[in-house]
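Following: one structure in structure tokens, then a few remarks.
Number of protein chains: 2
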Amino acid sequence: MVTLINTFTVKGDFDAFERIWAQSAEFMRTQKGFIGFKLHRSLSRPDVYVNVALWQSRADHQRVLASREFGEHIKELAAVSVPDPDLYTVVLEGVPVQ
Amino acid sequence: MVTLINTFTVKGDFDAFERIWAQSAEFMRTQKGFIGFKLHRSLSRPDVYVNVALWQSRADHQRVLASREFGEHIKELAAVSVPDPDLYTVVLEGVPVQ
Chain A
1 MVTLINTFTV
11 KGDFDAFERI
21 WAQSAEFMRT
31 QKGFIGFKLH
41 RSLSRPDVYV
51 NVALWQSRAD
61 HQRVLASREF
71 GEHIKELAAV
81 SVPDPDLYTV
91 VLEGVPVQ
Chain B
1 MVTLINTFTV
11 KGDFDAFERI
21 WAQSAEFMRT
31 QKGFIGFKLH
41 RSLSRPDVYV
51 NVALWQSRAD
61 HQRVLASREF
71 GEHIKELAAV
81 SVPDPDLYTV
91 VLEGVPVQ
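So the protein lines, in turn, are chains A and B. Under full-length UniProt numbering, the first residue of the first sequence is numbered 1, with each subsequent residue one higher. Under full-length UniProt numbering, the first residue of the second sequence is numbered 1, with each subsequent residue one higher.
What follows is the structure in structure tokens.
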């Protein structure tokens, strides 16, 4: 399992960014190996969004990156934001002490 | 609910960073309002770690930041890494299409 953490700095219209992003998310939700995502927005810097998405494997994620649909979405997103993506693995996790 | 996303760039020893971080996490797990955390490590930049932690409220998180224990942990962490924390709210989330 891999985690994509992608920080977007929005240059243009926030609503346009969220609309384009929602369309891209609908596509991702149909893709093999996609597990889930959360798009976060900074409380102090409203132009900063962070997507945290879980994928079954690096190969699953890379296959989607190579798709025509993703290519179109990322072009639209690049018109209103600057992405900064990277893939991660979880090294430690925890829940409240019972 | 708020999400802390904190990017650490580790300057010193990675094992020391993970050990100190694990101690801090044990403290966080006992705190009111703590819901869960995942510490991620970049697959391409091994010196970059990202903590994504869920808190019931901003007040719960800020109370912990003001605690003596947290003050000690962050001093130790600052000796081996550079933190870049920010608080976020989730604006969109999704799971695979059924």
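Beta carbons are placed, not taken as given, at the ideal position from N, Cα and C, and that holds for glycine.
Mapping the DSSP letters down to three states, classify A66 (chain B) as helix, strand or coil. As a position in the second sequence, residue 66 (chain B) is number 66, starting the count at 1. Assigned with DSSP and collapsed to three states, A66 (chain B) falls in coil, not helix or strand.
Helix, strand or coil at D86 (chain B) according to DSSP, with G and I counted as helix: Counting from 1 along the second sequence, the entry for residue 86 (chain B) is found at position 86. The three-state reading of DSSP puts D86 (chain B) in strand, counting E and B together.
What is the DSSP secondary structure of G71 (chain B), reduced to helix, strand or coil? In the second sequence, residue 71 (chain B) corresponds to position 71, counting from 1. Annotated three-state conformation of G71 (chain B) is helix, per DSSP.
First through last residue of the beta strand (DSSP E) which encompasses S42 (chain A): Against the first sequence, residue 42 (chain A) aligns to sequence position 42. Counting along the chain, the beta strand (DSSP E) containing S42 (chain A) begins and ends at F34 to S42.
In chain B, which residues lie with their C-beta within 9 angstroms of the C-beta of V90 (chain A)? The residue given as residue 90 (chain A) occupies position 90 in the first sequence. Simply K38, L39, H40 and R41.
When you compare only the Cα positions, how much space is there between E69 (chain B) and M28 (chain B)? Mapped onto the second sequence, residue 69 (chain B) falls at position 69. Mapped onto the second sequence, residue 28 (chain B) falls at position 28. Between the C-alpha atoms of E69 (chain B) and M28 (chain B) there is a straight-line separation of about 10 angstroms.
Who are the near neighbours of F14 (chain B) in its chain, counting only those whose CB is closer than 8 angstroms to its CB and skipping five residues on each side? Here residue 14 (chain B) refers to the residue found at position 14 when the second sequence is read from its first residue. Excluding sequence neighbours, F14 (chain B) sits near P46 and D47.
Does the structure place the stretch 7-27 of chain B close enough to the stretch 77-93 of chain B that three or more beta carbon pairs sit under 8 angstroms? Output reads yes: the stretch 7-27 of chain B touches the stretch 77-93 of chain B.
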